[in-house]
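Taking the numbering used here, the leading residue of the sequence shown gets 437, the next gets one more, and so forth.
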Amino acid sequence: MAESRITQLTHAGMTFDVIDSGPLDGPPVVLLHGFPQRATSWAKVSEQLNAEGLRTYALDQRGYSPGARPTSRFAYGLGELVGDVTALIHLIGRPVHLVGHDWGSAVAWAVAGGHPELVRTLTAVSVAHPTAFMKSMVSSSQPLRSYYMLLFQLPVLPERLLSTPNGLGEKMLRAAGMDSDMIETFRRDIVADGALPGGLGYYRSIVLGGKEVGRKVSVPTTYVWSDQDAALARRGAELTADYVTAPYELVVVRGATHWLLDQNAPELAEIIVERVRSV
């Protein structure tokens with residue numbers, strides 16, 4: 437394992453920023469953020485994981501790191517996103533405990549499914565296994581909750597809606613549970629810093645998932661779902677167990693929104709620590 441801090445990853449001709457914290461000799465935990473947030477969204481959780489002796493690597497993913505913002509939607513296929521994470525794990529030098537939220541969860545499912553030799557445990561937050569999610573689209577209210585995914589396929593308009601202060605995009609984020617501080621962070625770190633087009637690229641390449649999408653996961657896994665998540669129906673959570681062949685636990689956080697990293701950090705950190713210590 438790396439004996440000095442990893443602050444950047446060079447991969448596929450791009451440079452990714454990494455927030456490496458905690459004891460240098462601690463078990464490695466890789467943290468993958470979602471939309472529309474960045475690696476800094478893990479700050480509260482990382483602090484508690486570090487206090488438990490874990491070393492955390494929060495990756496500012498493709499489209500978010502200033503040095504890794506390709507313009508083509510084809511650059512955001514799940515295979516490319518998985519390649520970024522596996523490159524970081526190889527740089528770390530040993531298998532890791534993998535944690536993802538939102539889009540980071542989708543990427544984490546694919547990494548664990550396709551590269552179990554690189555992953556000791558998986559904690560997936562909010563987003564269910566991709567196949568479970570797709571099945572929930574035909575057996576629950578999920579299509580109504582996912583309307584924005586169709587909206588984000590349009591050119592230009594989503595960028596305009598989300599970059600207008602107090603506009604429709606921000607109203608959508610507030611309706612999903614973001615508070616004023618989170619909105620300010622979104623304006624600064626996503627809109628003003630130029631990360632919005634890359635973040636939307638994940639949605640615009642969603643049909644490019646390919647073979648990475650459907651694989652079952654064979655590493656010990658915890659899936660964390662909050663019962664007030666406006667974007668994700670319970671059905672996906674119920675189906676996810678069918679796609680994990682190792683020890684598995686579903687943890688439901690009662691009364692919580694989609695933004696568990698910001699609003700339920702102590703509880704989420706405890707869940708992650710429990711899964712890490714299970715092996």
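Built from N, CA and C at the ideal position, the CB exists for glycine as well. Since this is a predicted model, take the numbers as computed values, not measurements.
Terminal residues of the beta strand (DSSP E) in which residue i lies
{"i": "L456", "result": "Note on residue identity: the sequence assigns Asp, not Leu, to residue 456. It spans M450 to S457 - the beta strand (DSSP E) in which D456 sits, taken as one unbroken run."}
{"i": "G536", "result": "V532 to H537"}
{"i": "Y638", "result": "Where Y638 is concerned, there is no enclosing beta strand (DSSP E), although the alpha helix (DSSP H) it sits in stretches over L632 to R640."}
{"i": "V481", "result": "Looking at the DSSP string, V481 is not in any beta strand (DSSP E); the run it does join, the alpha helix (DSSP H), is A479 to A487."}
{"i": "V709", "result": "Careful: V709 lies outside any beta strand (DSSP E), inside the alpha helix (DSSP H) at A701 to R713."}
{"i": "E620", "result": "Segment S616 to T621 is the alpha helix (DSSP H) holding E620; no beta strand (DSSP E) there."}
{"i": "L558", "result": "V555 to V561"}
Residue i versus residue j - alpha carbon distance
{"i": "D663", "j": "Q699", "result": "14 Å"}
{"i": "K480", "j": "L554", "result": "25 Å"}
{"i": "A666", "j": "S440", "result": "41 Å"}
{"i": "R498", "j": "G691", "result": "32 Å"}
{"i": "F622", "j": "R556", "result": "32 Å"}
{"i": "P602", "j": "L460", "result": "As written in the sequence, residue 602 is Asn, which differs from the Pro given in the question. Using only the alpha carbons, I get a separation of about 42 Å."}
{"i": "S457", "j": "L696", "result": "20 Å"}
{"i": "I708", "j": "P702", "result": "10 Å"}
{"i": "H537", "j": "G503", "result": "22 Å"}
{"i": "T681", "j": "G513", "result": "26 Å"}
{"i": "I525", "j": "L686", "result": "26 Å"}
{"i": "G462", "j": "R711", "result": "15 Å"}
{"i": "P531", "j": "S572", "result": "31 Å"}
{"i": "T507", "j": "G634", "result": "7 Å"}
{"i": "P683", "j": "V592", "result": "44 Å"}
{"i": "T693", "j": "T443", "result": "31 Å"}
{"i": "G655", "j": "E595", "result": "The sequence as given places Val at residue 655; Gly does not occur at that position. Rounded to the nearest angstrom, the two C-alpha atoms are 38 Å apart."}
{"i": "L675", "j": "E516", "result": "26 Å"}
{"i": "L495", "j": "T451", "result": "11 Å"}
{"i": "D453", "j": "V561", "result": "22 Å"}
{"i": "S482", "j": "L644", "result": "31 Å"}
{"i": "L490", "j": "L468", "result": "16 Å"}
{"i": "T522", "j": "Y659", "result": "21 Å"}
{"i": "G449", "j": "R505", "result": "11 Å"}
{"i": "S577", "j": "G529", "result": "42 Å"}
Backbone secondary structure at residue i - three-state DSSP
{"i": "T567", "result": "helix"}
{"i": "Q578", "result": "helix"}
{"i": "T446", "result": "strand"}
{"i": "Y500", "result": "coil"}
{"i": "A666", "result": "coil"}
{"i": "P552", "result": "helix"}
{"i": "E685", "result": "strand"}
{"i": "P594", "result": "helix"}
{"i": "V627", "result": "helix"}
{"i": "R491", "result": "strand"}
{"i": "L460", "result": "coil"}
{"i": "V521", "result": "helix"}
{"i": "V649", "result": "coil"}
Cβ shell of residue i (< 6 Å), same chain only, five flanking positions each side left out
{"i": "R509", "result": "G637, R640 and S641"}
{"i": "V649", "result": "P566"}
{"i": "F588", "result": "P594, L636 and Y639"}
{"i": "V627", "result": "S599"}
{"i": "R474", "result": "D496, Y500 and D625"}
{"i": "H533", "result": "V465, R556, T557 and V712"}
Exposure of residue i, with buried meaning 16 or more beta-carbon neighbours within 10 Å
{"i": "Q520", "result": "According to the sequence provided, residue 520 is Asp. The question's Gln does not apply to it. The residue is buried, with at least 16 neighbouring Cβ atoms inside 10 Å."}
{"i": "S501", "result": "buried"}
{"i": "A673", "result": "buried"}
{"i": "A487", "result": "exposed"}
{"i": "E583", "result": "Before going further, note that residue 583 is Tyr rather than Glu in the sequence given. Y583 comes out exposed."}
{"i": "T559", "result": "buried"}
{"i": "G549", "result": "buried"}
Endpoints, alpha helix (DSSP H) assigned at residue i
{"i": "S662", "result": "Counting along the chain, S662 falls outside any alpha helix (DSSP H), though it belongs to the beta strand (DSSP E) covering T657 to S662."}
{"i": "T610", "result": "Strictly speaking, residue 610 in this sequence is Arg, with Thr absent from that position. Start and end: L604 to A611."}
{"i": "M585", "result": "Y583 to L587"}
Cβ-based neighbour list, residue i, same chain, cut-off 8 Å, excluding 5 preceding and 5 following
{"i": "R624", "result": "none"}
{"i": "I619", "result": "E606, L609 and R610"}
{"i": "Y579", "result": "It is worth fixing the name first, because residue 579 is Pro in this sequence and not Tyr. So the list reads M573, once near-sequence residues are dropped."}
{"i": "L485", "result": "G458, V465, T492, A705, I708 and V709"}
Neighbourhood of residue i by C-beta, 7 Å cutoff - its chain only, sequence neighbours within 5 removed
{"i": "W539", "result": "G470, F471 and Y638"}
{"i": "Y679", "result": "H565, T567, A568, K652 and V653"}
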